[in-house]
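Enquirer:
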Amino acid sequence: MRIATWNVNSLKIRLPHVLDWLERNPVEVLALQETKLTDDKFPVAPLEAAGYRASFAGQKTYNGVALLSRLALPASDVAIDMPGFADEQKRVIAATVNTVRVVCVYVPNGQAVDSDKYRYKLDWFVALHDWLAVERKIHPRLVVAGDYNVAPEDRDVHDPAAWEGQVLFSGPERAALKALQDLGLHDAFRLFDQPPKSYSWWDYRMLAFRRNAGLRIDHVLVSDALKPLCTACVIDRDERKREQPSDHAPVVATFDLVD
DNA sequence: ATGGCAATGTTTCATTGA
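For the numbering used here, add 110 to where a residue sits in the first sequence, where the first one is 1.
What follows is the structure, encoded as structure tokens:
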């Protein structure tokens with residue numbers, strides 16, 4: 111079983127990319143962020159034609175998340191938002207697919223340290239932590255995949271000295287991500303040997319991709335019970351080379367589970 | 001010093017992203 115996450119930066123623009131990618135990478139579950147579509151505009155039909163059911167929670171212009179899963183697999187208990195955290199912004203969707211509870215998250219960007227948006231990001235992380243502390247008890251097989259907008263360590267940043275203390279790499283953000291990991295949610299990417307300078311996002315500007323000036327901010331966290339079943343985790347950086355790409359690359363985790 | 005690139009809205013630029 112493969113579970114992937116991808117911030118597509120507008121599913122309207124990126125639908126051809128997603129369909130093409132799924133054809134080449136027929137994962138069992140794909141978590142999408144930044145769909146930027148209201149629910150009435152979600153492309154249900156083309157995704158079904160490609161063999162995927164879709165659950166989604168969208169809004170106009172910003173945010174928006176979705177979970178795609180193969181039509182042949184059982185999928186149930188779709189949940190939107192975090193209970194107890196009132197939020198207009200559509201950033202969380204969860205579903206149980208093939209006995210695995212999959213949570214798709216789009217963590218706030220934070221804009222700049224000391225901004226209102228940064229405080230909202232840290233508050234959001236606290237809510238996520240407290241919610242997942244409960245969810246992991248209910249669902250031992252738990253995957254939390256998405257755009258976390260935080261690079262965990264120096265090796266996840268192309269220029270850690272320049273980024274130190276900046277949004278996406280500040281101490282409080284990294285501590286918030288670490289607190290999730292301390293719940294027993296493990297960074298699947300770091301369970302394996304990886305190429306040096308592996309990143310999942312590159313700025314559209316400054317020829318960042320060509321210089322590999324990126325950050326690793328998209329993560330798949332796996333619960334204690336799933337950790338021994340996780341057999342691989344890769345970033346598909348080739349997708350970033352395509353025509354009119356998202357600024358994020360897909361991240362794919364593989365599990366030794368029968369589909 | 002501080003823009004650069006991309007997407008959205010109802011647009012002739014502002015806002016947001018990361």
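By construction, the Cβ of each residue, glycine as well, lies at the ideal position given by its N, Cα and C atoms.
Computed from a predicted model, the values in this text were never measured in an experiment.
Is it true that the CB of G294 sits closer than 8 Å to the CB of D334?
Expert: Taking 8 Å as the Cβ cut-off, D334 and G294 qualify as a contacting pair.
Enquirer: Might you give, ordered along the chain, the residues of its own chain that have their beta carbon closer than 6 Å to the beta carbon of P153, omitting 5 neighbours on each side?
Expert: Closer than 6 Å at the Cβ level, and outside the excluded window around P153, lie L125.
Enquirer: Quick check on the DSSP output: the alpha helix (DSSP H) that includes K236 runs from which residue to which?
Expert: It should be pointed out that residue 236 corresponds to Val in this sequence rather than to Lys. Counting along the chain, the alpha helix (DSSP H) containing V236 begins and ends at D226 to I248.
Enquirer: For the structure I just gave you, are there three or more beta carbon pairs, one from the segment 126-135 and one from the segment 165-174, closer than 8 Å?
Expert: With a cut-off of 8 Å, the segment 165-174 and the segment 126-135 do not count as touching, because too few Cβ pairs lie within range.
Enquirer: Is E138 closer than 8 Å to V207 when the C-beta atoms are compared?
Expert: Yes, they are a contact pair.
Enquirer: Using the three-state DSSP reduction, which class does F299 fall into: helix, strand or coil?
Expert: Looking at F299 - three-state DSSP - the assignment turns out to be helix.
Enquirer: Determine the extent of the beta strand (DSSP E) in which D257 is found, giving its start and end residues.
Expert: Per DSSP, D257 belongs to the beta strand (DSSP E) from L252 to D257.
Enquirer: Under the assumption that A323 contacts H268 (Cβ atoms under 8 Å), give the Cβ distance between them as a whole number of angstroms.
Expert: Confirmed, Cβ separation roughly 5 Å.
Enquirer: Just the Cα atoms here: how many angstroms apart are L325 and K307?
Expert: Looking at the two C-alpha atoms, the distance is approximately 9 Å.
Enquirer: Would you say the segment 223-230 touches the segment 179-195, given that touching needs at least three Cβ pairs under 8 Å?
Expert: These segments do not touch.
Enquirer: Within the segment 307-348, note down every full beta strand (DSSP E) run reaching 3 residues or more, in order along the chain.
Expert: DSSP runs (the beta strand (DSSP E)) wholly in the segment 307-348: 328-333 and 340-345.
Enquirer: Roughly how many angstroms separate the alpha carbons of E158 and L181, rounded to a whole number?
Expert: Whole-angstrom Cα-Cα distance: 8 Å.
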